[in-house]
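In order, the protein sequence lines correspond to chains B and R. Numbering-wise (numbering that gives the first Met the number 0), the first sequence opens with residue 0 and increments by one. Numbering-wise (numbering that gives the first Met the number 0), the second sequence opens with residue 0 and increments by one. Input: a single structure, listed below in structure tokens.
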Amino acid sequence: MADQASRTTLPPAAAAGDTEAPVAEAKGAPGLVESNYDVEVKFSALQNDIDSPLSSLHSFEELGLPKPINDGLLAMNFKKPSKIQEKALPLMMGNPPRNMIAQSQSGTGKTAAFVLTVLSRVDLTQPTQPQALVLAPSRELARQIQGVTQTIGQFCENLIVEAAIPGSISRDTGVKGSVVVGTPGTVIDLIRRRQFDVSKLQVLVIDEADNMLDQQGMGEQCNRVKTMIPNSTQILLFSATFPEKVKAYAQRYAPNANEIQLKQQDLTVKGISQMYMDCPDEQKKYDVLCKLYGLMTIGSSVIFVRAWYRRESADEIKKRMEADGHKVSVLHGGNEGADRDALLDDFRSSRSKVLITTNVLARGIDVSSVSMVINYDIPMKGFGDKEPDAETYLHRIGRTGRFGRVGVSISFVYDRKSFNALTQIANVYGIDLIQLSPDDWDLTEKKVQDVIKSSRAKPDYAPNVLA
Amino acid sequence: MAGSSPTRRRSFQFASPQSSSVIAEILSEDRNSESRHKQLLELAKREHERVREDAERVYRDHLRREERQRLLDEKRQEEQRIKVEEQIAADRVRLHALKLTKVEAPPSPPTPRFPEPSRAAAVAESTTPAPTSTPSAVSNQSSVPQPPPQTNGSATPKPPAPATTFSPGLFGSSKAQPTTQPAAPGPPIDTTAATAKNRTPEAPRPPSFPGGFGNLLNNGAGSNRASSARPESAPPAGQLTVDRYTTIHKNLKELRNSMAEQAKTNSALKERMGDMRREIRKIIGQLGGGGAPANRQQQQRIAAVLREALTNRVQSQLVDPSNFVAEPRNPVQGAVHNDAQLPSLFIYLLNAFSKSVILQFIGEGGARPETADPIGVCVAATFSEPDFGWRGVSMIDILVAKFRIVCPVLFGYRGSEKTEQGRERLGWWKENGRWVTEQQHMDRMTGLGAGFAAVSLRKFAASKKKNPYPPRHFWTAMAKIINTPPNEISNTQCVVLKSMIQNYEAKFIEFYGTAAVAALRASLIDFPARAPEKSPAVNSLEVLAQQFKRDIGLALG
Numbered sequence: 000m001a002d003q004a005s006r007t008t009l010p011p012a013a014a015a016g017d018t019e020a021p022v023a024e025a026k027g028a029p030g031l032v033e034s035n036y037d038v039e040v041k042f043s044a045l046q047n048d049i050d051s052p053l054s055s056l057h058s059f060e061e062l063g064l065p066k067p068i069n070d071g072l073l074a075m076n077f078k079k080p081s082k083i084q085e086k087a088l089p090l091m092m093g094n095p096p097r098n099m100i101a102q103s104q105s106g107t108g109k110t111a112a113f114v115l116t117v118l119s120r121v122d123l124t125q126p127t128q129p130q131a132l133v134l135a136p137s138r139e140l141a142r143q144i145q146g147v148t149q150t151i152g153q154f155c156e157n158l159i160v161e162a163a164i165p166g167s168i169s170r171d172t173g174v175k176g177s178v179v180v181g182t183p184g185t186v187i188d189l190i191r192r193r194q195f196d197v198s199k200l201q202v203l204v205i206d207e208a209d210n211m212l213d214q215q216g217m218g219e220q221c222n223r224v225k226t227m228i229p230n231s232t233q234i235l236l237f238s239a240t241f242p243e244k245v246k247a248y249a250q251r252y253a254p255n256a257n258e259i260q261l262k263q264q265d266l267t268v269k270g271i272s273q274m275y276m277d278c279p280d281e282q283k284k285y286d287v288l289c290k291l292y293g294l295m296t297i298g299s300s301v302i303f304v305r306a307w308y309r310r311e312s313a314d315e316i317k318k319r320m321e322a323d324g325h326k327v328s329v330l331h332g333g334n335e336g337a338d339r340d341a342l343l344d345d346f347r348s349s350r351s352k353v354l355i356t357t358n359v360l361a362r363g364i365d366v367s368s369v370s371m372v373i374n375y376d377i378p379m380k381g382f383g384d385k386e387p388d389a390e391t392y393l394h395r396i397g398r399t400g401r402f403g404r405v406g407v408s409i410s411f412v413y414d415r416k417s418f419n420a421l422t423q424i425a426n427v428y429g430i431d432l433i434q435l436s437p438d439d440w441d442l443t444e445k446k447v448q449d450v451i452k453s454s455r456a457k458p459d460y461a462p463n464v465l466a
Numbered sequence: 000m001a002g003s004s005p006t007r008r009r010s011f012q013f014a015s016p017q018s019s020s021v022i023a024e025i026l027s028e029d030r031n032s033e034s035r036h037k038q039l040l041e042l043a044k045r046e047h048e049r050v051r052e053d054a055e056r057v058y059r060d061h062l063r064r065e066e067r068q069r070l071l072d073e074k075r076q077e078e079q080r081i082k083v084e085e086q087i088a089a090d091r092v093r094l095h096a097l098k099l100t101k102v103e104a105p106p107s108p109p110t111p112r113f114p115e116p117s118r119a120a121a122v123a124e125s126t127t128p129a130p131t132s133t134p135s136a137v138s139n140q141s142s143v144p145q146p147p148p149q150t151n152g153s154a155t156p157k158p159p160a161p162a163t164t165f166s167p168g169l170f171g172s173s174k175a176q177p178t179t180q181p182a183a184p185g186p187p188i189d190t191t192a193a194t195a196k197n198r199t200p201e202a203p204r205p206p207s208f209p210g211g212f213g214n215l216l217n218n219g220a221g222s223n224r225a226s227s228a229r230p231e232s233a234p235p236a237g238q239l240t241v242d243r244y245t246t247i248h249k250n251l252k253e254l255r256n257s258m259a260e261q262a263k264t265n266s267a268l269k270e271r272m273g274d275m276r277r278e279i280r281k282i283i284g285q286l287g288g289g290g291a292p293a294n295r296q297q298q299q300r301i302a303a304v305l306r307e308a309l310t311n312r313v314q315s316q317l318v319d320p321s322n323f324v325a326e327p328r329n330p331v332q333g334a335v336h337n338d339a340q341l342p343s344l345f346i347y348l349l350n351a352f353s354k355s356v357i358l359q360f361i362g363e364g365g366a367r368p369e370t371a372d373p374i375g376v377c378v379a380a381t382f383s384e385p386d387f388g389w390r391g392v393s394m395i396d397i398l399v400a401k402f403r404i405v406c407p408v409l410f411g412y413r414g415s416e417k418t419e420q421g422r423e424r425l426g427w428w429k430e431n432g433r434w435v436t437e438q439q440h441m442d443r444m445t446g447l448g449a450g451f452a453a454v455s456l457r458k459f460a461a462s463k464k465k466n467p468y469p470p471r472h473f474w475t476a477m478a479k480i481i482n483t484p485p486n487e488i489s490n491t492q493c494v495v496l497k498s499m500i501q502n503y504e505a506k507f508i509e510f511y512g513t514a515a516v517a518a519l520r521a522s523l524i525d526f527p528a529r530a531p532e533k534s535p536a537v538n539s540l541e542v543l544a545q546q547f548k549r550d551i552g553l554a555l556g
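If you want it as structure tokens, here you go:
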């Protein structure tokens, strides 16, 4: 076999590449050009993703990042900044520091954007002096951001990133890291007990900011944190969604901020094929669920169920799926912190590939190989679950289609109420939902394959960035 | 002798033949006279000369014997050399004949042009029939296209050029050991690493000195001769085999169409076929971390589906498996399947299995390359099952054919990312007539590189089964990428190379020892250093070297 090596190493371009033809010769056809010389691809064809939130004409190096940070990005296979990174980084890293309110679709690199800013602001010669604080709504998200910071900063010497979540900071030593990622409650406790010195804090990041500032309790906690830190601290607010009522509050929280915002109809990630399955009745949902996994290639998947369902229903789904050969984890707010960590670690390492969960994990969790999200129940909010929860829907389906990858979401409807709720959500974002039926699986398979193909082939859209 | 002293009386007496008369003289009256003394001196001198002459004669004899021995040795060596050269010449002639040989295209189902013209461009059917040197090929013809002018990834066709690949200097050198001959036992000493691997595919030996590796790197042709010189089992020529894969890929598409046709009239088949296909796809998606035991159940279920297809209860048509293998095969003793036909459903499901594997590599491995490994284990376990093979060899060519189409750089194809044809050669995918985005392309390549390593770096040492795709294929693919001339290095190659290596450095080193370390240095230090443009993809190779140094203490630079 080794002989193939030498045979094919003779330069093909030596024969063919000498006469690269001008673009005009390409006949404008996207397909094969029948010529015996190589033709330059049209610039517009090469850059057909120019308006996508992932496209960029610049490199990270051009953004002036120090080499250790750049090497960390390369180790993570990040090669080019996404649009939000390209737009926001110069604004956030500029001096004097200015606040930022930034919105970008799920899976477009928001975390990396603020982590890069944090790393560029930290003085590594003071490794145990807290200089940056990142707040997140759940312990899972805080741990994830801690992990991303450590990975991007893997070549930065003396970088210590601590997670301020229940049970992770020693009472004896207190916070001894230059970057602290935590949930608001634990952070406030630590500051109060004088185990977290915030006097040198350069930057405060609030991830999932609409949720953090809006939510009762957490909004209050975020306010408390702000009063405890130096006035000069740069404040960065990030989220995929910023409902109107939160926006004004965010602007007060982070005054004089640069803003990057999206229009409502640009919020959905077009790479995610959104479908719904018409189930004959609620009991049939189990069988339909198991059949879905043969229709397309699926890496990992997340199944969202209603919170009050958690014990009986989630366990029943788990039982059925395990009988079908799946490796399943069930994670809900009722689990202990350490159990939650272990369950999510199993899922991240593919020891389990199906995660059944509630809205606790709807936001922010990034497992890049998730290729299917199932809304086993349509997300609802308000008293008695009367109102469809469009934001949660958006965050849920955003667990797939990470960084331009293929993703599908399938929502189960089985009665008028669930159908109406889904229709309302689709109207909010202008989503064209595709119906699937559980009658002929050969046909459904074909339909799903076609949907995935066509949603990927759609020309990408302009997020219409307002700076 | 020269060191002994003839003047010492005792030794003189005993050594001398005239000892008795000497004693008489000693006992005589004038034994202390001067004349007597002189006479004795004279005698001693003569004796000394005699002994000396004797010694010199013996010494000369010895020298002559040595010289004669040397001449004999030289003669034998010369004879040996002549024999070797004769064999090489014969092999070269044979190789040349092989290269001129084209296997005639089979009269298999009339094949429409490749359905996706943009991808497969013109796959020209061979029109030059000629008998192959292996008798099996005559009875079992298979179609081998000529090097197509433009296949996906198939660069400017390079007709095999034996003249350029042979360097007589290497052969003529008196150093040439008979290692290029299959009959010669003993470890190869003066041959390339690749040769060593070809010899012992399961337990490849590292070459005994690094020069062998350098040889492979700088002169890939070096490895050519060695493997082609083997009269048996050697593929007709690398290029032919590689392009044979595009033919297999095409034949598989036809098979798929034929299955759809069959399903229209065979309702039993229609009922099972889709379910079996979806079952396989689902199971491959279930493979996860936790090692082989965690995936044993999945493995067994895939085997169960394939065995059901082998029983052919649904009566799918029978097909000739030779359309789906790279080299012609003859029945062999002990093989589970020796017949000229197998159920089409079985081949179809092997195809569905391979397709799902590739898509799983792309979809899941592209995002997280480490997820490719359990799939590689499953591939190796499935294709190595004796009853899933044909005529004693696995059917893994079906999977390799897919690799050939979606990731041509693994097979040595190169191209520029800035040109239409270059992208086609690199396997840059098109969807609905448009190139997929750069991010998507690089994701695909990441997953496929990791997947290729996951399939080709499997250890079968403790297994009774035969490795369907031994590690030499990994080495070959790596060599093909790093042998690229600097001005043709592409980001695609860097991305594939990186993901082939990452997470597999330990396995690679386990197989190839110091040669692997040299190969890693060539891949992560020398190769990126040669690249004219220091793109992020190029730099990430060097960053991987940094990571090895930091994490496992492997200093390559």
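Think of the CB as a built atom: it goes at the ideal place given N, C-alpha and C, for glycine as much as any other residue. Fair warning: this is a prediction, and the values are worked out from it, not measured in the lab.
Are the beta-carbon atoms of B:T422 and B:L435 separated by less than 8 Å? To locate residue 422 of chain B, count along the first sequence from 1; it is residue 423. To locate residue 435 of chain B, count along the first sequence from 1; it is residue 436. Here B:T422 is not near B:L435, since their CB atoms are 8 Å or more apart.
Distance between B:I373 and B:P437 (C-alpha atoms, nearest Å): Looking up residue 437 of chain B in the first sequence gives position 438. Looking up residue 373 of chain B in the first sequence gives position 374. About 15 Å.
Taking only heavy atoms of the ligand NAD into account, decide whether any of them is closer than 7 Å to the Cβ of B:D431. The ligand content of the structure shown is nil, which means the ligand NAD is not present either.
So, helix, strand or coil for B:F113, using DSSP? In the first sequence, residue 113 of chain B corresponds to position 114, counting from 1. If DSSP states are grouped into helix, strand and coil, B:F113 belongs with the helices.
With distances taken from CA atoms, which of B:G400, B:V121, B:I159 is nearest B:G108? If you number the first sequence from 1, residue 108 of chain B lands on position 109. For B:G108, the nearest C-alpha among the options comes from B:G400.
Look at B:Y285 and B:R319 and say whether their C-beta atoms are less than 8 Å apart. If you number the first sequence from 1, residue 285 of chain B lands on position 286. If you number the first sequence from 1, residue 319 of chain B lands on position 320. Yes, the Cβ-Cβ distance between B:Y285 and B:R319 is below 8 Å.
So what does DSSP say about B:T185, is it helix, strand or coil? Within the first sequence, numbered from 1, the residue matching residue 185 of chain B stands at position 186. DSSP places B:T185 in helix when its eight states are reduced to three.
R:A262 versus R:G290, R:S343, R:E48, residue with shortest Cα-Cα distance: On the second sequence, position 263 is the one that residue 262 of chain R refers to. The shortest Cα separation from R:A262 among R:G290, R:S343, R:E48 belongs to R:S343.
Under 8 Å from the C-beta of B:V405: neighbouring residues of chain R: Looking up residue 405 of chain B in the first sequence gives position 406. Listed along chain R are G362, each with a C-beta nearer than 8 Å to that of B:V405.
Just checking: is the beta-carbon of B:S272 within a distance shorter than 8 Å of some beta-carbon in chain R? Here residue 272 of chain B refers to the residue found at position 273 of the first sequence. Judged by the 8 Å Cβ criterion, B:S272 is not in contact with chain R.
Identify the contact partners of R:L398 in chain B, using a Cβ-Cβ distance below 9 Å as the criterion. For the purposes of this step, residue 398 of chain R is taken as residue 399 along the second sequence, with counting starting at 1. Residues of chain B passing the Cβ test: none, with the nearest at roughly 15 Å.
Taking 8 Å as the cut-off, does the segment 321–341 of chain B touch the segment 377–387 of chain B (at least 3 CB pairs, one atom from each stretch)? No: the two stretches stay apart, fewer than three of their Cβ pairs being nearer than 8 Å.
Taking only beta-carbon positions, decide if R:A580 is within less than 8 Å of chain B. Because chain R spans 0 through 556 in this model, residue 580 of chain R falls outside it and cannot be assessed.
Using CA coordinates, which residue listed in B:E315, B:V327, B:E386 is at the minimum distance from B:S300? Here residue 300 of chain B refers to the residue found at position 301 when the first sequence is read from its first residue. When only C-alpha atoms are compared, the closest one is B:V327.
Looking at the strands, I want to know which residues DSSP matches up with R:S539. Position 540 of the second sequence, counted from the first residue, corresponds to residue 539 of chain R. According to DSSP, R:S539 shares a beta bridge with no other residue.
Can you find a C-beta in chain B that's less than 8 Å from the C-beta of R:P235? Numbered from its first residue, the second sequence carries residue 235 of chain R at position 236. Any reading at R:P235 must be qualified, since the residue scores a pLDDT of 41, below 50, and its modelled position is unreliable; the value itself is stated next. No, its Cβ sits nowhere closer than 8 Å to a Cβ of chain B.
Would B:R401 pass as an interface residue toward chain R - the criterion being a Cβ-Cβ separation below 8 Å? Counted from its first residue, the first sequence places residue 401 of chain B at position 402. Answer yes: the Cβ-Cβ gap between B:R401 and chain R drops below 8 Å somewhere.
Sort out for me which residues DSSP pairs R:H342 with in a bridge. Here residue 342 of chain R is taken as the residue at index 343 of the second sequence, counted from 1. Here residue 342 of chain R turns out to be Pro, not His, going by the sequence shown. The partner list for R:P342 (beta bridge, DSSP) reads R:L317.
Of all Cβ atoms in chain B, is any one closer than 8 Å to the Cβ of R:A536? By 1-based counting over the second sequence, the position of residue 536 of chain R is 537. Yes - at least one Cβ of chain B is within 8 Å of the one on R:A536.
Between the Cα of B:A420 and those of B:Y275, B:K446, B:V366, B:T356, spot the shortest distance and give me the residue it belongs to. The count along the first sequence starts at 1 and reaches residue 420 of chain B at position 421. B:A420 has its Cα closest to that of B:Y275, out of B:Y275, B:K446, B:V366, B:T356.
Hey, could you find the ends of the alpha helix (DSSP H) R:I374 is sitting in? As a working mapping, residue 374 of chain R is identified with position 375 in the second sequence. From DSSP, the alpha helix (DSSP H) with R:I374 extends over 371–382.
Nonlocal neighbours in the same chain, by C-beta distance under 7 Å from B:T185, ignoring five residues either side: Within the first sequence, numbered from 1, the residue matching residue 185 of chain B stands at position 186. Same-chain partners within the cutoff: A163, I164, P165.
Given 8 Å as the limit, is there contact between the segment 380–393 of chain R and the segment 448–468 of chain R, that is, 3 or more CB pairs closer than that? yes
The beta strand (DSSP E) with B:D277 in it runs from where to where? For this step, residue 277 of chain B is matched to residue 278 along the first sequence. Element bounds for B:D277: 271–277.
Proximity of B:I259 and B:A389 at Cβ, strictly below 8 Å: Position 260 of the first sequence, counting from 1, holds the residue named residue 259 of chain B. Position 390 of the first sequence, counting from 1, holds the residue named residue 389 of chain B. Cβ distance not < 8 Å, so B:I259 and B:A389 don't count as in contact.
Alpha carbon to alpha carbon, how far is B:Q84 from B:H57? Give it in angstroms, no decimals. Position 58 of the first sequence, counted from the first residue, corresponds to residue 57 of chain B. Position 85 of the first sequence, counted from the first residue, corresponds to residue 84 of chain B. Approximately 10 Å between the Cα atoms of the pair.
In angstroms, rounded to a whole number, what distance separates the CA positions of B:V202 and B:V359? Counting from one through the first sequence, the residue named residue 202 of chain B turns up at place 203. Counting from one through the first sequence, the residue named residue 359 of chain B turns up at place 360. If I take the Cα positions, the gap works out to 26 Å.
Work out the CA separation of R:Q297 and R:P373 for me, nearest whole Å. Residue numbering aside, residue 373 of chain R sits at position 374 when the second sequence is read from its first letter. Residue numbering aside, residue 297 of chain R sits at position 298 when the second sequence is read from its first letter. Computed Cα separation, rounded: 11 Å.
Option nearest R:A400 by Cα separation, candidates R:V324, R:K533, R:N502, R:C493: Working through the second sequence from its first residue, we reach residue 400 of chain R at position 401. Sorting R:V324, R:K533, R:N502, R:C493 by C-alpha distance to the C-alpha of R:A400 places R:V324 at the top.
For B:T296, return the contacting residues in chain R, with the cut-off set at a CB-CB distance below 7 Å. Here the question's residue 296 of chain B lines up with position 297 in the first sequence. Near B:T296 (Cβ distances below 7 Å), the residues of chain R are R280, G284, S355, L358, Q359, G362.
How would you label B:A87, buried or exposed, when you count the other beta carbons within 10 angstroms and need 16 or more for buried? Residue numbering aside, residue 87 of chain B sits at position 88 when the first sequence is read from its first letter. Buried: at least 16 other Cβ atoms inside 10 Å.
Beta carbon of B:G63 nearer than 8 Å to that of R:G362: Within the first sequence, the letter at position 64 stands for residue 63 of chain B. Within the second sequence, the letter at position 363 stands for residue 362 of chain R. Their beta carbons are not under 8 Å apart, which means B:G63 does not touch R:G362 by this criterion.
CB-CB under 7 Å to R:T483, same chain, minus the five flanking residues each way: which ones, in chain order? Reading the second sequence from its first residue, position 484 is the one you call residue 483 of chain R. Excluding residues within five positions, the ones whose Cβ falls inside 7 Å are R413, Q492.
According to a CB-to-CB cut-off of less than 9 Å, which residues of the segment 362–377 of chain R neighbour chain B? G362, E363, G364, G365, A366, R367, P368, E369, T370, P373
Leaving aside the five residues before and after B:G270 along the sequence, list all residues of the same chain whose C-beta is less than 8 Å from its C-beta, in chain order. Residue 270 of chain B sits at position 271 when you count from the first residue of the first sequence. These residues qualify, in order along the chain: G400, G403, R404, V405, G406, S454, R455.
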